[in-house]
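Just so you know, the protein sequences line up as chains A and B, in that order.
Residue 89 in the working numbering sits at position 86 of the first sequence; the count goes up by one each step and never skips.
Residue 35 in the working numbering sits at position 32 of the second sequence; the count goes up by one each step and never skips.
Contents: one structure, followed by commentary.
There are 2 protein chains.
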Amino acid sequence: METMSPRALPHPATDEITLAAVLHALSDPVRLRIATMLADGHGDMACIAFDLPVTKSTTTHHFRVLREAGVIAQHYQGTSKMSTLRREDLEALFPGVLTSVLNAARGAQTGEAAHPA
Amino acid sequence: METMSPRALPHPATDEITLAAVLHALSDPVRLRIATMLADGHGDMACIAFDLPVTKSTTTHHFRVLREAGVIAQHYQGTSKMSTLRREDLEALFPGVLTSVLNAARGAQTGEAAHPA
DNA sequence: CCTTTAGTACGACAGGCTTCGTAGTACGGC
DNA sequence: GCCGTACTACGAAGCCTGTCGTACTAAAGG
Numbered sequence: 004m005e006t007m008s009p010r011a012l013p014h015p016a017t018d019e020i021t022l023a024a025v026l027h028a029l030s031d032p033v034r035l036r037i038a039t040m041l042a043d044g045h046g047d048m049a050c051i052a053f054d055l056p057v058t059k060s061t062t063t064h065h066f067r068v069l070r071e072a073g074v075i076a077q078h079y080q081g082t083s084k085m086s087t088l089r090r091e092d093l094e095a096l097f098p099g100v101l102t103s104v105l106n107a108a109r110g111a112q113t114g115e116a117a118h119p120a
Numbered sequence: 004m005e006t007m008s009p010r011a012l013p014h015p016a017t018d019e020i021t022l023a024a025v026l027h028a029l030s031d032p033v034r035l036r037i038a039t040m041l042a043d044g045h046g047d048m049a050c051i052a053f054d055l056p057v058t059k060s061t062t063t064h065h066f067r068v069l070r071e072a073g074v075i076a077q078h079y080q081g082t083s084k085m086s087t088l089r090r091e092d093l094e095a096l097f098p099g100v101l102t103s104v105l106n107a108a109r110g111a112q113t114g115e116a117a118h119p120a
C-alpha cells in the first residue's frame with residue numbers, strides 16, 4: 004500500500020495533452036530551463052533547488068504550468084516535490100518534439116542561436 | 004535588377020531567431036495551422052486564401068508573429084503576399100524541432116492526441 | 001510540542017495576447 | 001484615371017500570463 008499522501012497532484016491523462024499546450028508551456032524561458040535541467044538528470048531535485056531567477060511563488064506557478072500541460076509529472080517526497088519529464092507520453096503523442104526542443108534549448112539557452120565560431 | 008518593391012518586410016536574421024519565440028509562435032492554434040498548411044505545399048498561396056477562422060486583420064497579425072519569430076519568410080507578389088517556411092534556417096538552429104512539431108500538428112490538429120482506434 | 005523547511009493559495013498588478021472593426025495604402029486591371 | 005483586391009495600421013476590448021508578497025499548510029526533526 005502506498006502511503007497515499009493527502010496532497011494529491013492532478014495530472015492530465017495522456018490523451019488530454021495537447022500540442023499547443025506543450026509548446027506554450029515550453030515557450031517560457033524559465034520553464035524551458037526547468038525542462039532542460041530535468042532532462043539533464045536533475046530529476047530527483049526539489050523545486051526550490053533549481054536556482055531560478057524568480058521567487059518561490061513564481062516557481063510554483065511555472066512547475067504547475069508544466070505539469071498541467073503534461074510536460075512533467077510530480078509527486079511529493081516528504082516536504083519536497085520531485086518532478087520528472089513525461090518523456091514516454093510525449094514521445095508517443097508527439098514523436099521527436101520534446102527531444103529536439105530540449106536539444107535546441109541546451110545548445111542555445113532560452114533562445115540564443117548557435118553560432119559555430 | 005529586382006523591381007525593388009517599396010513594401011519591405013522585416014525578417015529576423017538567422018542568428019536573431021530564438022527558440023522561445025519560435026515555440027511561442029507555434030503555440031497558437033491558428034498559427035500552427037498556418038505553418039502546417041505551408042508545410043503541406045501551400046507555399047504559393049496568398050494570406051487571405053488560408054481559410055482561417057478569424058478576420059483579415061487577425062490573419063495579418065498571425066502572419067506577422069510567425070515572420071517576426073523567424074518561422075516564415077514573406078514577400079510581395081503583386082497585391083498578394085506569399086509565405087514560405089524557413090525550414091533550412093530553423094533546421095540549422097534547432098534541428099528537428101520544426102519537422103517534429105509539424106508532424107505532430109498534422110496528426111493531431113491543434114492539440115488533439117493521437118488515439119489510434 | 002515547537003521549529004524549520006518546502007511548497008501552496010490568494011490577491012494584486014503590470015503587461016501582453018488575440019480578437020475585432022474601421023480607415024487607409026499599394027498594386028493590377030479596365 | 002478609376003475601381004476592386006489584398007493587405008496594413010491603429011485603436012479598443014477582454015482575457016490570460018508572469019511576477020510578486022503575504023499568509024497558510026504539510027512534513028521532518030528535535
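All C-beta atoms, glycine included, are put in the ideal place defined by N, C-alpha and C.
Per-residue DSSP class, three states only, for residue i
i, result
"residue 55/A", "coil"
"residue 103/B", "helix"
"residue 60/A", "helix"
"residue 88/A", "strand"
"residue 24/A", "helix"
"residue 45/B", "coil"
Through-space distance from residue j to residue i, alpha-carbon basis
i, j, result
"residue 92/A", "residue 100/A", "11 Å"
"residue 58/A", "residue 83/B", "48 Å"
"residue 107/B", "residue 22/A", "7 Å"
"residue 70/B", "residue 17/A", "32 Å"
"residue 52/A", "residue 38/B", "38 Å"
"residue 30/A", "residue 26/B", "5 Å"
"residue 55/A", "residue 81/B", "49 Å"
"residue 49/A", "residue 24/B", "28 Å"
Selection from the options that minimises the alpha carbon distance to residue i
i, options, result
"residue 12/A", "19/A, 26/A, 76/A, 56/A", "76/A"
"residue 33/B", "79/B, 68/B, 78/B", "68/B"
"residue 109/B", "109/A, 98/A, 102/A", "98/A"
Closer than 8 Å to chain A by CB, residue i
i, result
"residue 98/B", "yes"
"residue 107/B", "yes"
"residue 156/B", "Chain B is shown only over 4 to 120; residue 156/B falls outside these bounds and no answer can be derived."
CB contact flag (residue i, residue j, <8 Å)
i, j, result
"residue 89/B", "residue 104/B", "no"
"residue 87/B", "residue 41/B", "yes"
"residue 95/A", "residue 28/A", "no"
Residue-chain proximity (residue i, chain B), Cβ-Cβ < 8 Å
i, result
"residue 35/A", "yes"
"residue 31/A", "yes"
"residue 23/A", "yes"
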